[in-house]
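Asks: Okay, so the sequence shown: first residue is 1 according to the UniProt record's numbering, each after it adds one.
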Amino acid sequence: MEDSERFSQSACLNILVIPIKPARKSVYKSSFQSLSSFKQIKGSEVPGFSTFHPPPLSPTSHSIHINYHSNPNNIINDPQIAFSDQFHALIGIVDCPSHPTLEAANEAFNETVECLPQHIKPHIKRCWAFQPRDSDRTVANPSSQLVLVEDSAFYLNTLIADIVGSVLSWFADTAGERRRNDGRQSKLYGDLFLMSGRLKDSLTSYNDGLSQMRAPHDSFHQASAIESQAIAQVLLYWQKTDDVPSHHLIETPWSGICDKFNNALAVYTRLLNTSINKALSTSSTTNLTNLPSQNHDLIAIRAFVRATLRLSQFLLTVWACEGLNDNSLKALVEGVTPSFLATQPDRDSIIEHADKMPHLARSQISTIAQQAHGTHLFHLNKVEQLRVILTLIHLHDSIGFARKAAYFRQEVVVICADLVEASRNKSLIQSSDSKLIVNQLNDNNELLVKILDNICDVYGIDTQSTYLYVNGEESEATENVQQEVENNFKWISVQRDFLRDAMTVVQHLGDLNAVIKYAVILLKVYHASLPAAEQVRLVQIMLAALEALRRRSTTSVELAFWSPDLLLSLEVIPCTDETLPFATNSQQTVLQKLANTPTRRATRIAKSIAVQDEYVEVSATVHNPYKFTLELQAVELITSGVTFESEKLDVYLAPNSYQTLRLKGVVKSRGQLIVLGCRMQMNGTIKRDIILPLSTADEEKRKSKVRSERLEKRSKVKSTGLSSIPSLQRQSMSSRASTVTSMNDTRRATLTSISSGVKAPQYIEVAVVASLPTLIVAGTNLSHHALMLYSGECTTLRLTVENVSDVDVDFINLKFRDNSTDSLLEVIEEQQSKLIDTYDMEYTIAHEPVFKPCVDLSNVTIPARKKATLEIECYGRMGCNQGSIFIEYGSKKINENEQTYARQLTYPLLLTVQQTLEVQQFTALPLERSGMSESREYFGLWPTSPSMMSQPMSPTNQTQMSAPQSPLIEQSQLLQNLDKDANEFLFVVDIRNSFGTPFEVVLERTRDGDNYIVEFGVCRLVQPGLTARLVLPMKRTKLTEEIATAGIPSICERQFIISQASLTPQKERVMRELFWYSQEIYKKVRLYWREPVSTTDRPRVGSLNLYLRKHKLSKRMLNVVKLDALDVELINPTWERLELGREAQLQLKIANRTERTLKLNYQFEVSLDDCLIIKGPKSTHIGPLKPDEEVVKKVNILPISKSHLELRLVVHEEYQDSIIDTTKDWDLKVRNAVGRLEAVNSKPCIIDIF
């Protein structure tokens, strides 16, 4: 059966139309179309008279229906059941120009008829010669069967009517005399009357036959008669002989016809389910044709299938035409497609149309039609199976049951593949219909592939994507197929198994394009469920098909990139610390500037820095999801922005593995470089661009929104089920795109505002700066990056750097870092130390750094491919064991108007600092006129025992490396020759040697602050394990109130809120004075050590100033260091001795050295009582004495006893004016917190009385 088989097949005369070769196809085709236009012949036009001819006075509606067949196998020949199941006439089409003569044409006709199988040879045969030549018209006709056909519709109608008349006469001859009480004979008459157009007579004969038939032997004929009654009733409705029942009288007017079909199906079903082993009864007196006997079960199957499909066709037509009306009757009788189905409606239209037919559900039609499909079909040959399944496909497509239609299409493909395979294996059955189908399949493989694609679409398998590229196309679209079309189907096993079958089919067909397409889909989408062997086999088949396709094609053919996206992540590989550029104007903290440490550089993942004309490396993580080794070719980066030359990489990925690739390229210009993804290809494929956004919070938000939209879309009925198949999704996306394009500006603005909450995808950004030079350390005066120093020692480190680039270095800056400085910075930042300790740490960082450059490097340049030497001074600080030298360099010429970038070269160092000498303490002692000899042992001038190795140096053995112009005096000589000045004091320092070798220690007195202009100094040799004391006379000093009471500063200009200890203003004043006078001491002395004997030209020297600063003045020492607030002096008289009882006069002088007005009184102290009378009051008042004001007075004395005595003047401050402090300034409060002056004594005056 074919889709074009008419519902009224049982009421039609079957005429076989065959070409008489040789014949032109165009002539045969046009002739067949002309004949096919005569599907009905009026009874009045048929010549002849017989039992089955129309009566002479038949109505004009009496018609005889004709079916024309070009294929001899269109009829299933079972004439024992229905007389319509055979060809009733044969017409041979002769192309006159293709034959030399009419006699030759007649002979060809006879030979063609003889070659036909016996069971399909009709009794009536005609040979019609089309396009006759003039010579053919003048020649006598060689046969009565040969007729010259002119190109005239009227003439064709006459010829066809003549054939119909001959067939009806043959009916009469064949039927013979009618037997009484024979049901089969009555059924035969009913069939003949039905084909003759005498519908009333056929119904009468059917009724007579049904009443005479007996089951089960007459079951086939009984069911056929009931089925023919239904067809006759439809024809009566069509001829309007009977009126169609109205809907007002009966709910479903077609129910009577359906009941007859159902009754016939019930009988066929019983026959199908009953095992009857004996053949059909041969007792029938009807000898229809000389046909071979048929198997009883095969006849039952054919009859059941035909009846089932006929009923489903009837219901489909009624459903499509919205009832049993003129449209449906015309479609049933004439075999035309209903207008609704002819428009090929979509699923929504079909559903809408189904609402108009509530009494006839689509599922009812499908249920009846599916009865024709079952295991019984396997008893039929492949051609019959194919016809049945094609009819089922057409029916289910018409009612919108796409998945069931896809299931049947799958069987069609399998059947066709079996036929093709059988033909190739030369095991094809020797039947003309099978040969014809195989030939058609071999010539039209696209039809089967189209069916397969349709099935894939229903199963949710997208086959519309491009899998092959021609004409030199270079790259594929970025988006993945499954990203474009959402796959809502979860039938993984169903889809995979069908694709396997499809692969087998297209391999049998030899369709290389389809082989590649289905192999790609299996590998790309369903690789997770395929074994390794099958994956390898699919790749081999695909590549072999591609090679064969390339050999056949005249243009280049490339395979689509058939793997899913392999790229998982991208990350810029940062430059090494030596080549990483950074902005030179980076903000530094005050402490970083003070310590000259490098700026901490923070790099972001999303944005990096690269240098022009240098490589940029990106780490790409790829995944091989397959179970075989995957070869990737020409893997490179996809970028936008500045010019970028990417290098290509070939790589093999192990099965089911993750691998990180290092992709790199050269940036050719400055600007912004955006890394979008990777471009790659496989063997035989085109290049694939894989775009990968950054996994940022906004990107995750965007993906989450997309997932939410898909879930929301999936939850709606309109977007699930068959509406979600790929083809409909593409149509939906296309319609949505056109809708959005046609929106007005207001609507578009609304959509923009809604989607503005999610940012666009972000990609890796790389800022490309101008070309920079590159330096390397070419040499150094150190070994293995290690340096050993004594504590306080300074040495010079020489680094030879080489410019290995083609860009000159015109900017060099040295930065340093060491662990001891970092510790100090950390303590300072915590702000938990005392202010004085914080100042000392800041001073250590600023003035005693571990590293500092020896010369100014602001004008140093290093040309391209040249070398230069940098000298760095290294200081041995205790606790420092590691450090780094950072050489920041760049080129300012390239970046004159832009941000300047530089690079940083790091040279790490390991330091070993050994403790040599320790400053244990220092003190300040006043110079006394007496007791100097007793203090020799205290000052360590001479050893107390022979074992004492700390000895003073002789002037002849002294060496001075730091300041040759400064005299070094032996300490004992210095003290013995010292002028006892009250404005000087002794500065005493205790030095201990904790090392294993002796050292010379030098203590010098300087002036002019940091310039270290040495006045003189002392030197001592300190033996290992011993302590030496160095004594140096120092001048007492006086600081102004503003300086002495100033707040403790911060070298790094950090602001302190308040003092950390809650001190009174008086105590704060004392603390500040101690601090500032200590700083004054540090400025005026210099303490260092040196080797006494050295094997080198320059002995090792080290400073001890840093260790000296760890000690501070005490309050007692402060009074020694400070100049007195008052200058009290007894001026020596001109006389040397006093005479007893004779008055003498003394002169005294008192000067105010403070910055305030003082009220004083003075008195005398005598060493011996009752020896001297001082005239005047015991305590004499001195009026207000302004700053820097002096007073000189004379006092008379009277000696009353001979003696030798000392007279001393003692000055006291009477009282201090109360200062009412109303200010809130803390520094001013401290400055005003002045205490009462202590008593000041003058130098004693020695008086001898005689």
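No residue lacks a Cβ here, since even glycine has one placed at the ideal position from N, Cα and C. A quick note: this is a predicted structure, and the numbers were derived from the prediction, not measured.
(1) Which two residues bound the contiguous beta strand (DSSP E) that contains residue 1159?
(2) Helix, strand or coil: how does DSSP classify residue 1204 here?
(3) Taking the CB atoms as reference points, tell me whether residue 682 and residue 820 lie closer together than 8 angstroms.
(4) Per DSSP, what are the beta-bridge partners of residue 915 in this structure?
(5) Could you tell me if residue 363 is buried or exposed, where buried requires 16 or more neighbouring beta carbons within 10 angstroms of its beta carbon?
(6) Could you tell me which uninterrupted beta strand (DSSP E) segments, each at least 3 residues in length, are contained entirely in the stretch 780-831, listed from first to last along the chain?
(7) Nearest to residue 637 by CA position, among 631, 620, 626, is which residue?
(8) So, residue 160 versus residue 128, is the Cβ gap smaller than 8 angstroms?
(9) Grouping DSSP H, G and I as helix and E and B as strand, with all else coil, what is residue 355?
(10) Could you have a look at residue 12 and say whether DSSP puts it in helix, strand or coil?
(11) Are the CB atoms of residue 828 and residue 919 within a distance shorter than 8 angstroms?
(12) Return helix, strand or coil for residue 99, following the three-state DSSP convention.
(13) Using the C-alpha atoms, what's the distance from residue 635 back to residue 772?
(14) Among residues of its own chain, excluding the 5 on either side of residue 145, which ones have a beta-carbon nearer than 8 angstroms to its beta-carbon?
(15) For residue 677, does the three-state DSSP call read helix, strand or coil?
(16) What do you reckon, are the CB atoms on residue 11 and residue 203 nearer than 8 angstroms?
(17) Comparing alpha-carbon positions, which option in 5, 642, 790, 183 lies nearest residue 667?
(18) The beta strand (DSSP E) that contains residue 763, what's its start and end?
(19) Is the separation between the beta-carbon of residue 65 and that of residue 39 shorter than 8 angstroms?
(20) Suppose contacts are defined by Cβ-Cβ distances below 8 angstroms. Is residue 1211 in contact with residue 1166 by that definition?
(21) Helix, strand or coil, according to DSSP, for residue 662 in the structure here?
(22) Using the Cβ count rule (16 or more neighbours within 10 Å means buried), how would you classify residue 196?
(23) Which residue comes first and which comes last in the alpha helix (DSSP H) that contains residue 238?
(24) What number of angstroms, rounded off, separates the C-alpha of residue 287 from the C-alpha of residue 83?
(25) With distances taken between CB atoms, is the gap from residue 1102 to residue 1082 smaller than 8 angstroms?
(26) Taking a contact to mean a Cβ-Cβ separation below 8 angstroms, would you say residue 225 touches residue 236 in this structure?
(27) For residue 343 and residue 297, what's the separation of their Cα atoms in angstroms?
(28) Which whole-angstrom value is the C-beta distance of residue 860 and residue 877, which I expect to be below 8 angstroms?
(29) Could you tell me which residues DSSP pairs with residue 1180 in its beta bridges?
(30) Could you name the residues of the same chain whose beta carbon sits closer than 7 angstroms to that of residue 1161, not counting the 5 residues immediately before and after it, in chain order?
(31) In angstroms with no decimal places, state the Cα-to-Cα distance between residue 403 and residue 366.
(32) Does DSSP put residue 1025 in a helix, a strand or coil?
(33) Check whether the Cβ atoms of residue 461 and residue 400 sit closer than 8 angstroms, and answer yes or no.
(34) Would you kindly check if the distance between the Cβ of residue 1171 and the Cβ of residue 1133 is under 8 angstroms?
(35) I need the DSSP call for residue 72, collapsed to helix, strand or coil.
(36) What three-state label does DSSP hand residue 197 in the structure shown?
Replies: In this structure, then:
(1) Position 1159 of the sequence shown, counted from the first residue, corresponds to residue 1159. First-last of the beta strand (DSSP E) with residue 1159: 1158-1166.
(2) Against the sequence shown, residue 1204 aligns to sequence position 1204. Looking at residue 1204 - three-state DSSP - the assignment turns out to be strand.
(3) If you number the sequence shown from 1, residue 682 lands on position 682. If you number the sequence shown from 1, residue 820 lands on position 820. No, Cβ-Cβ distance for residue 682 and residue 820 is not below 8 angstroms.
(4) Within the sequence shown, the letter at position 915 stands for residue 915. When beta bridges are read from the DSSP output, residue 915 appears opposite no residue.
(5) As a working note, residue 363 is residue 363 in the sequence shown. Exposed, because fewer than 16 other Cβ atoms sit within 10 Å of the Cβ of residue 363.
(6) Taking only runs of at least 3 residues, the beta strand (DSSP E) segments lying wholly in the stretch 780-831 are 786-790, 794-803, 811-818.
(7) Residue 637 sits at position 637 when you count from the first residue of the sequence shown. Looking at the Cα atoms, 620 is the closest of the given residues.
(8) Along the sequence shown, one-based indexing puts residue 160 at 160. Along the sequence shown, one-based indexing puts residue 128 at 128. Not a contact, by the Cβ cut-off of 8 angstroms.
(9) Position 355 of the sequence shown holds residue 355. Here residue 355 sits in coil by DSSP.
(10) Sequence index remark: in the sequence shown, residue 12 carries index 12 (1-based). Of the three classes helix, strand and coil, the one that applies to residue 12 here is strand, per DSSP.
(11) One-based indexing of the sequence shown puts residue 919 at position 919. One-based indexing of the sequence shown puts residue 828 at position 828. No; because the gap between Cβ atoms is not below 8 angstroms, this pair is not in contact.
(12) Along the sequence shown, one-based indexing puts residue 99 at 99. Correct three-state label for residue 99: coil.
(13) Along the sequence shown, one-based indexing puts residue 772 at 772. Along the sequence shown, one-based indexing puts residue 635 at 635. When rounded, the distance between both Cα atoms is 29 angstroms.
(14) Your numbering for residue 145 matches position 145 in the sequence shown. If we look at residue 145 and ignore the five residues flanking it on each side, its Cβ neighbours are 106, 109, 125, 126, 127.
(15) Your numbering for residue 677 matches position 677 in the sequence shown. The answer is strand: DSSP assigns residue 677 an E or B state.
(16) The count along the sequence shown starts at 1 and reaches residue 11 at position 11. The count along the sequence shown starts at 1 and reaches residue 203 at position 203. Not a contact, by the Cβ cut-off of 8 angstroms.
(17) Your numbering for residue 667 matches position 667 in the sequence shown. Residue 642 is the option with its Cα nearest to residue 667.
(18) Counting from one through the sequence shown, the residue named residue 763 turns up at place 763. Counting along the chain, residue 763 falls outside any beta strand (DSSP E), and DSSP gives it neither H nor E.
(19) As a working note, residue 65 is residue 65 in the sequence shown. As a working note, residue 39 is residue 39 in the sequence shown. Going by C-beta atoms, residue 65 is nearer than 8 angstroms to residue 39.
(20) Mapped onto the sequence shown, residue 1211 falls at position 1211. Mapped onto the sequence shown, residue 1166 falls at position 1166. It is not a contact, given that the beta carbons lie outside the stated cut-off.
(21) Within the sequence shown, the letter at position 662 stands for residue 662. In the structure shown, residue 662 sits in a strand (DSSP, three-state: E or B).
(22) Sequence index remark: in the sequence shown, residue 196 carries index 196 (1-based). Residue 196 is buried by the Cβ-count criterion.
(23) Against the sequence shown, residue 238 aligns to sequence position 238. Residues 219-239.
(24) The count along the sequence shown starts at 1 and reaches residue 287 at position 287. The count along the sequence shown starts at 1 and reaches residue 83 at position 83. Unreliable placement is indicated for residue 287, whose pLDDT of 33 sits below 50; the coordinate value is still reported in the next sentence. Whole-angstrom Cα-Cα distance: 11 angstroms.
(25) In the sequence shown, residue 1102 corresponds to position 1102, counting from 1. In the sequence shown, residue 1082 corresponds to position 1082, counting from 1. For residue 1102 and residue 1082, no; Cβs fall outside 8 angstroms.
(26) Working through the sequence shown from its first residue, we reach residue 225 at position 225. Working through the sequence shown from its first residue, we reach residue 236 at position 236. No.
(27) Start at 1 with the first residue of the sequence shown, and residue 343 comes out as number 343. Start at 1 with the first residue of the sequence shown, and residue 297 comes out as number 297. Computed Cα separation, rounded: 40 angstroms.
(28) Translated into the one-based positions of the sequence shown, residue 860 becomes position 860. Translated into the one-based positions of the sequence shown, residue 877 becomes position 877. Rounded, the Cβ-Cβ distance is 27 angstroms, inconsistent with contact.
(29) Walking along the sequence shown from the start, residue 1180 turns up at place 1180. Answer is 1162.
(30) Numbered from 1 along the sequence shown, position 1161 holds the residue referred to as residue 1161. So the list reads 1179, 1180, 1181, 1182, 1212, 1214, once near-sequence residues are dropped.
(31) Position 403 of the sequence shown, counted from the start, is the residue given in the question as residue 403. Position 366 of the sequence shown, counted from the start, is the residue given in the question as residue 366. So the two alpha carbons sit approximately 12 angstroms from each other.
(32) For the purposes of this step, residue 1025 is taken as the residue at position 1025 of the sequence shown. If DSSP states are grouped into helix, strand and coil, residue 1025 belongs with coil.
(33) Within the sequence shown, residue 461 is the residue found at index 461, counting from 1. Within the sequence shown, residue 400 is the residue found at index 400, counting from 1. Not in contact: residue 461 and residue 400 (Cβ atoms no closer than 8 angstroms).
(34) As a position in the sequence shown, residue 1133 is number 1133, starting the count at 1. As a position in the sequence shown, residue 1171 is number 1171, starting the count at 1. No. Outside cutoff.
(35) Numbered from its first residue, the sequence shown carries residue 72 at position 72. Correct three-state label for residue 72: helix.
(36) Position 197 of the sequence shown holds residue 197. Coil at residue 197, not helix or strand.
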